[in-house]
Structures are given as structure tokens and as C-alpha cells.
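Written out below as C-alpha cells is the structure these notes cover.
Chains as they are written, first to last, in this note's numbering: chain P, 706 to 1011; chain C, 403 to 681.
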């Protein structure tokens, strides 16, 4: 079994009558890239705040490294970027990183390497207050990596960045993941999570809706987009078909959701045999976004999918 | 030591803090130098040193009292250093980076202690120097008597600074914390006035002064009494008008203990605040 980095036991945070995080239990393993997915206000940041020692849990508990390290000792081996970058504005980039090395009790030897990685080495002696937002974000990444962390935690790290900046940072994260660093990425942007994560945890209103691999997010057989010359006979045919669930009309074609495995060859042959002339025929896998909406819209939620 | 280094790194690179710290020490020196000057302005000839303020052991009393007035400089720095941690959100970042809440508080307390020790040492050095130059008595036994004023000075400063630490953690905004400090001083005064007026009616056995000595700022003030009326010159005048001064000028060890208790309380309360608050 892979080494456990972080384990949550029924972690709960209440703000007055509002339950921000409700009995959340999780296990993060070393070497994986996790996505913490949920709409705004779903409890992602509160969850991260609790494991990062800045928010006190109302009940429940969590442990780093299987309880072998206290939270603040464990955090010295973690890199975290929360919402927006927080640095001392009167210190230069280099001084800020040096201070962080003192706090994390790590060697200052990697400062140059990290500043070069994020393209800020040339500006190392500029005060943080003179940096643009993109530069501040990049410095935050350098700061999170300066201790060669075993786990990198990113919370809505692309907020407020321009497309180029988002692209740069995404490439950076992919390369960090390739080095074997575990990553926990909190985001409400689905394509973000889809592109870099292997595992996903879905939160909504503080409840866990799903935990597992990205592919297994929703056991789906995909759907067909179909259009035919004779709409009425197509609908009659579809309604009688046993492998087909929901049928909805979008623009000029029908979206046909499958309830069991049905290949495109099989289905097109069946349609041909029924004498239907098709004008449009595509098989698609639902995007993470569709699955996500499906998952969070359903009233009942499964605590764990596997 | 690591915690102190972290805190000093933060302070050292902050321009205003640096100016205030330097300003504080320069002011101590310049006051010392100024007071040695002979003022000759027309018919007025005035030389502070001739007034006997630099006589051992009186100088310990005089200097510790006067220089303690400058403590507000460092109070501003303390309040600003906490206020900044909140406004820059670097307190949150420090915790995320792996500093525990206890370590954060300890780094601040260590910085205060370091400053108190340095300041006390300076007062000691300057007093020794000025006394050596101007004192009428230079016998070692007299020079090194009444040194408890230095201890009193250190405790007085430490008590005041821990109060500032607690206030700024409580209020988070530096300007408001300083405002609250002034307000508290006024509050103590008003409560004292009210007690003097009414307390003996309610509880005859208790005098206002007995209760008032437990108030934090008043207790800090009580440790070292004002030294002016002790000056021989003034004493003589009082004698002439038949009003013997028999005030006790020694360090009040009872007040000293009260202030130390307050300090412990302030630090404990600060820790509780840090521990309970979500950031």
C-alpha cells in the first residue's frame, strides 16, 4: 500500500448554523495528483485551511504522515499556495524566500533554482510590492517549491491570471507532477482538474459526492448525437430501444444517453436495418463538466463511489 | 534562537521599524549628551549635572525613570509588527509554511525580551558613564547600590510591551491598538476617580489606592516612583516650608510582581486568541 500523506477523519467545520465542511473523510497517498473539485463555497478552502493549521475544526480530526509528525512539523515538508500570494511587501523576492527557508528549516540552496524556474531570478532584488499579479503568483509557486515538497497544495491558483499565465502555470504543474511530487489541486475549473489530475474528490455544500479516479467519476456509457431525415420515426425507434435512456433534443440533433454498452457500429447497423436515413451520427463521452453537473445536481449522494 | 532570528529578519528589513529602533537608541544617547551640556544664556547659567542628578546612586533612579518614558517608540514597533502580520496575511502564510502558533508568539516575545535586555544594558552603560563623569561619589559600594532600579526598568518595559502585544493581537489593526492603549490609560484614570469617590462608601475597609495598584498601567507606573521630588534641591525647598518629604522612593517589589503577573496573563491571553481564531 502506498504511503499515506494525509488522512481526514469525519472532519467538520461549522460557522454558526452553516456547515462549511460536513464529516469529510479522505486519504491522500503519495505520488498521486488529486483534484479537489467543487463550486464556489463548497468547502474546498475551509478543508485546506483546516489541514494547513489556519482554521480550527469544529469536530473530527486529521493526521499528517499517519500521525508520525505534528501538523506544523509536517507542513515544513509541504508546499501550499492559498488563494492569493501573501508575502512581506517590503522584502525582496529573494529575502521573502530566505525567510520562508528559515521557517521551514530547509536549506536556502534551492532559492536560485526555483526563482529561475518561474522566471523571476532577474527580478530577485525587487521588492514584492512592485510585482504584478502574475509575478506574485509565480513567486508563490517558487516559495511553495523552495523546500522540495513532498506534497504541493494549490487552491484556485489560476484566479486572476491571464491565459498565458494560466498556460505557463499549468505546464509547470505538469512538470512538477512528472517529478513524482504529489499534488492536491483545489479548483472550480473542471478542465483544469481534468487536464492534470489522476484522482478527484468532489465537494458540494461541504459534503463529499465522489472520491476516486477521474475516469470512474461517473460510470457512463457515453451518448450519441443523432439526426435523421424523418424525425418522428427516429424518435419511435429510439424510444423502443432497450439500451437507451434519456433522449433530449438539442438544436438540430438528438442527444441519446446510453444505459449499457453499445458500440457505434452496432447501433448504426440497427438504425440502417430500421430503414432510417441519418444526417448526423456521432458517439461522444460526456465531459467531466457534464458528469460533475450530473453528480452535484442529484439529490442523493454516494459517500464513496468505490 | 531560530525564532528570534526570524523575527529580527522581519524587523530589520522593515524601514520604519529600523528608523524607530535607531531613533530610540539615538534619542537615549542624545538625551544623555544634552543633559551634560552647560547652558549659559545671558544671566541664566544652568548645568544639569550640577543639580546632582548624576550622583550615584540617585542616577539609577533618575535615568531608569526618564528613559522608560521613551518606551512608546518600541511600543509602536510592536503594535505595527503584529498589525502588519494581519494586514499582509503573512501570519496565515507563516502558519502554512510550518510555524506553529506557539512558535509565532514566542518569536514575538523573544524579540521583546531581546529589546528589553538591550535597552536595559544601554541604560546601565550610560548611567555608569555619566555617573562616572559627574558623580560626587565614586566609591564602588555607592556606585553599585540601588541597582534594583535596572531590574525594575526591565520589568516595567516588559510588562508594557506584552500589554501592547496582547492589544495588537486582539485588535489586529495597529492604529486602533495604539488608540486603545491611550483609551485604556484614560479608563484607568476614570475608574480610579470613581473608586476614590464611591468605593469607601460601599466597602469601607478598601481604599481606592489598594485596588488601583492592581491595574496594569498603574502598576507599571508604580514600580519606579517619580524621581524629581527626591532631588536635593527640591527637597531643600520643601524642608524650608516645613513640609518634610518622607516618601518611599525605593523600587516597589509588590508592583513588580503584579506587573510580572500581568505579563504572564497577557502572553497567555495572546496565545488563547491566536489558538482560537480562524484566519
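The C-beta atom is built at its ideal place from N, Cα and C for all residues, glycine as well.
Given a cut-off of 8 Å, decide if residue j and residue i are closer than it, judged by their beta-carbon atoms.
{"i": "residue 896 (chain P)", "j": "residue 919 (chain P)", "result": "no"}
{"i": "residue 766 (chain P)", "j": "residue 719 (chain P)", "result": "no"}
{"i": "residue 822 (chain P)", "j": "residue 798 (chain P)", "result": "no"}
{"i": "residue 742 (chain P)", "j": "residue 898 (chain P)", "result": "yes"}
{"i": "residue 430 (chain C)", "j": "residue 469 (chain C)", "result": "yes"}
{"i": "residue 551 (chain C)", "j": "residue 462 (chain C)", "result": "yes"}
{"i": "residue 959 (chain P)", "j": "residue 949 (chain P)", "result": "no"}
{"i": "residue 855 (chain P)", "j": "residue 891 (chain P)", "result": "no"}
{"i": "residue 626 (chain C)", "j": "residue 554 (chain C)", "result": "yes"}
{"i": "residue 406 (chain C)", "j": "residue 490 (chain C)", "result": "no"}
{"i": "residue 849 (chain P)", "j": "residue 857 (chain P)", "result": "yes"}
{"i": "residue 736 (chain P)", "j": "residue 885 (chain P)", "result": "yes"}
{"i": "residue 556 (chain C)", "j": "residue 518 (chain C)", "result": "yes"}
{"i": "residue 571 (chain C)", "j": "residue 676 (chain C)", "result": "yes"}
{"i": "residue 559 (chain C)", "j": "residue 586 (chain C)", "result": "no"}
{"i": "residue 660 (chain C)", "j": "residue 630 (chain C)", "result": "no"}
{"i": "residue 533 (chain C)", "j": "residue 458 (chain C)", "result": "yes"}
{"i": "residue 928 (chain P)", "j": "residue 961 (chain P)", "result": "yes"}
{"i": "residue 807 (chain P)", "j": "residue 417 (chain C)", "result": "no"}
{"i": "residue 412 (chain C)", "j": "residue 681 (chain C)", "result": "no"}
By a C-beta neighbour count over all protein chains shown, 10 Å radius and 16 as the cutoff for buried, is residue i buried or exposed?
{"i": "residue 908 (chain P)", "result": "buried"}
{"i": "residue 604 (chain C)", "result": "exposed"}
{"i": "residue 622 (chain C)", "result": "buried"}
{"i": "residue 969 (chain P)", "result": "exposed"}
{"i": "residue 906 (chain P)", "result": "buried"}
{"i": "residue 1007 (chain P)", "result": "Because the pLDDT of residue 1007 (chain P) is 43, which lies under 50, any placement of that residue in the model is unreliable, and the question is left without a value."}
{"i": "residue 645 (chain C)", "result": "For residue 645 (chain C), the pLDDT reaches just 48, beneath the cut-off of 50, and the residue's location in the model is therefore unreliable, although a value from the coordinates is still provided. With fewer than 16 other Cβ atoms within 10 Å, it is exposed."}
{"i": "residue 834 (chain P)", "result": "exposed"}
{"i": "residue 841 (chain P)", "result": "buried"}
{"i": "residue 547 (chain C)", "result": "exposed"}
{"i": "residue 715 (chain P)", "result": "exposed"}
{"i": "residue 809 (chain P)", "result": "buried"}
{"i": "residue 1005 (chain P)", "result": "Interpretation of residue 1005 (chain P) is limited by its pLDDT of 45, a score under 50 that renders its predicted location unreliable; no figure is taken from the coordinates."}
{"i": "residue 769 (chain P)", "result": "buried"}
{"i": "residue 955 (chain P)", "result": "exposed"}
{"i": "residue 708 (chain P)", "result": "exposed"}
{"i": "residue 655 (chain C)", "result": "exposed"}
{"i": "residue 755 (chain P)", "result": "buried"}
{"i": "residue 957 (chain P)", "result": "exposed"}
{"i": "residue 506 (chain C)", "result": "buried"}
{"i": "residue 409 (chain C)", "result": "buried"}
{"i": "residue 712 (chain P)", "result": "buried"}
{"i": "residue 879 (chain P)", "result": "exposed"}
{"i": "residue 525 (chain C)", "result": "buried"}
{"i": "residue 385 (chain C)", "result": "There is simply no residue 385 (chain C) to check, as chain C begins at 403 and stops at 681 in what is shown."}
In the DSSP assignment, find the unbroken alpha helix (DSSP H) run with residue i in it and report its ends.
{"i": "residue 655 (chain C)", "result": "655 to 678"}
{"i": "residue 487 (chain C)", "result": "473 to 489"}
{"i": "residue 970 (chain P)", "result": "969 to 978"}
{"i": "residue 836 (chain P)", "result": "Neither: residue 836 (chain P) is in no alpha helix (DSSP H) and is coded neither H nor E."}
{"i": "residue 565 (chain C)", "result": "550 to 573"}
{"i": "residue 608 (chain C)", "result": "Note, residue 608 (chain C): premise wrong, no alpha helix (DSSP H); not H, not E."}
{"i": "residue 706 (chain C)", "result": "With chain C covering only 403 through 681, there is no way to say anything about residue 706 (chain C)."}
{"i": "residue 749 (chain P)", "result": "749 to 756"}
{"i": "residue 707 (chain P)", "result": "Per DSSP, residue 707 (chain P) belongs to no alpha helix (DSSP H) and is neither H nor E."}
{"i": "residue 827 (chain P)", "result": "It is not in any alpha helix (DSSP H) - residue 827 (chain P) carries neither H nor E in the DSSP assignment."}
{"i": "residue 939 (chain P)", "result": "936 to 945"}
Need the endpoints of the beta strand (DSSP E) that residue i sits in, please.
{"i": "residue 912 (chain P)", "result": "912 to 918"}
{"i": "residue 510 (chain C)", "result": "Looking at the DSSP string, residue 510 (chain C) is not in any beta strand (DSSP E); the run it does join, the alpha helix (DSSP H), is 503 to 536."}
{"i": "residue 734 (chain P)", "result": "723 to 734"}
{"i": "residue 906 (chain P)", "result": "904 to 909"}
On the DSSP bridge assignment, give the partners of residue i in chain order.
{"i": "residue 584 (chain C)", "result": "Answer is none; residue 584 (chain C) lacks a bridge partner."}
{"i": "residue 811 (chain P)", "result": "None, per the DSSP bridge assignment."}
{"i": "residue 953 (chain P)", "result": "P:960"}
{"i": "residue 930 (chain P)", "result": "P:960 and P:987"}
{"i": "residue 714 (chain P)", "result": "P:766"}
{"i": "residue 891 (chain P)", "result": "P:741 and P:860"}
{"i": "residue 797 (chain P)", "result": "P:832"}
{"i": "residue 784 (chain P)", "result": "P:857"}
{"i": "residue 720 (chain P)", "result": "P:723"}
When every heavy atom of the ligand NAD is checked, does at least one fall within less than 7 Å of the C-beta of residue i?
{"i": "residue 916 (chain P)", "result": "Annotation note on the ligand NAD: not contained in the displayed structure, which lists no ligands."}
### Message
Does the region 657 to 670 of chain C come into contact with the region 563 to 571 of chain C, if we say contact requires no fewer than three beta-carbon pairs (one atom in each stretch) closer than 8 Å?
### Response
yes
### Message
Whether or not the region 788 to 800 of chain P and the region 839 to 851 of chain P are in contact is what I'm after, with contact meaning three or more pairs of Cβ atoms, one per stretch, closer than 8 Å; do they touch?
### Response
yes
### Message
Below 8 Å, how does it come out for the region 977 to 996 of chain P and the region 771 to 779 of chain P: are there three or more Cβ pairs, yes or no?
### Response
no
### Query
Per the contact definition of three or more C-beta pairs closer than 8 Å, is the region 798 to 814 of chain P in contact with the region 748 to 764 of chain P?
no
### Query
Three or more beta-carbon pairs under 8 Å between the region 861 to 874 of chain P and the region 707 to 726 of chain P, yes or no?
no
### Query
Between the region 472 to 490 of chain C and the region 418 to 433 of chain C, do three or more beta carbon pairs fall short of 8 Å?
yes
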